[in-house]
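Engineer: In the numbering used here, the protein residues as written are 2 to 247.
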């Protein structure tokens, strides 16, 4: 059943209006009409809803019954990734959404080859948010992951104070004789906690960045014996957390 995220909530009578691109998609692409059902999501809850009226600029729906069971990861994981080259950020957002991430914070890392263009940045962030929304609909999420405008590394450190658990992927830790495995780190993570995990761009985090993260309370983790690409590492971590908590 097609899923749509509402821009507003249901009113006292259990009705809501779907407009914009989603409204057009329902009528023009899906060819739905009155009495057809969709899944409408608002405030983290999903409801089977019936179309009760077709408007020139959208459709009116009516909520049916109780909210559907949520399938959100019990731990809220936010990914912070150094700006990568090409369209790798698109991939991380799309697949990270499918794997249950709560948000993504791109940041300008010391080894980031790409430099963020503020003039074109708004359009890029808008595209990434659209990718997250479409992926959330496809995999039946009840939230759309938060996609933030890229930070500086200093801003990332400041933002980290809002999280319960702080981790960063460290190649040097993985190469050491006693790497800190994901499974060991996750023993001290509990349901409902917020987790921020930092990943470097191509070339990884610099030693200065790694030390700054340590001083800010981040714990290093190793992602196995092989060196992963910058777009693979976050997905590896999310998969491991899904296995552990779901």
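We put the beta carbon where it would ideally sit given N, CA and C, even for glycine.
Classify residue 168 as helix, strand or coil using the three-state DSSP reduction.
Structural biologist: Within the chain shown, numbered from 1, the residue matching residue 168 stands at position 167. Three-state DSSP puts residue 168 in a strand.
Engineer: Would the segment 160 to 174 and the segment 194 to 202 be scored as touching if the rule is three or more Cβ pairs under 8 Å?
Structural biologist: Segments in contact, yes.
Engineer: Does the structure place the segment 144 to 153 close enough to the segment 100 to 117 that three or more beta carbon pairs sit under 8 Å?
Structural biologist: Taking 8 Å as the limit for Cβ pairs, the verdict is that the segment 144 to 153 does touch the segment 100 to 117.
Engineer: By how many angstroms is the C-alpha of residue 156 removed from the C-alpha of residue 60?
Structural biologist: For the purposes of this step, residue 60 is identified with residue 59 of the chain shown, where counting begins at 1. For the purposes of this step, residue 156 is identified with residue 155 of the chain shown, where counting begins at 1. Going from the Cα of residue 60 to the Cα of residue 156 covers about 42 Å.
Engineer: Could you tell me whether the segment 49 to 57 touches the segment 17 to 34, using the rule of 3 or more Cβ pairs below 8 Å?
Structural biologist: Result yes; three or more Cβ-Cβ pairs closer than 8 Å.
Engineer: Pull up the DSSP beta-bridge partners for residue 78, would you.
Structural biologist: Locating residue 78 in the chain shown gives position 77, where the first residue counts as 1. Answer by DSSP bridge pairing, in chain order: 196.
Engineer: Would you check if the distance between the CB atom of residue 109 and the CB atom of residue 153 is smaller than 7 Å?
Structural biologist: On the chain shown, position 108 is the one that residue 109 refers to. On the chain shown, position 152 is the one that residue 153 refers to. Their beta carbons are under 7 Å apart, which means residue 109 touches residue 153 by this criterion.
Engineer: With a threshold of 8 Å, are at least 3 pairs of Cβ atoms found where one atom belongs to the segment 36 to 52 and the other to the segment 63 to 82?
Structural biologist: As far as the Cβ criterion goes, the segment 36 to 52 touches the segment 63 to 82, which means the pair count is three or higher.
Engineer: Sorted by chain position, which residues of the same chain lie with C-beta nearer than 8 Å to residue 211's C-beta, five sequence neighbours on each side aside?
Structural biologist: Taking the first residue of the chain shown as 1, we reach residue 211 at position 210. The residues are 169, 171, 173 and 221.
Engineer: Go to residue 240, then tell me how far its alpha helix (DSSP H) extends in each direction, as first and last residue.
Structural biologist: Within the chain shown, residue 240 is the residue found at index 239, counting from 1. Counting along the chain, the alpha helix (DSSP H) containing residue 240 begins and ends at 234 to 246.
Engineer: Using C-beta distances below 7 Å, list every residue in its chain close to residue 36, excluding the 5 sequence neighbours before and after it, in chain order.
Structural biologist: On the chain shown, residue 36 is found 35 positions in, with the first residue counted as 1. The answer, listed in chain order, is 51 and 52.
Engineer: For the beta strand (DSSP E) holding residue 163, just list the boundary residues, first then last.
Structural biologist: As a first step, residue 163 must be located in the chain shown, where it is residue number 162. Counting along the chain, residue 163 falls outside any beta strand (DSSP E), and DSSP gives it neither H nor E.
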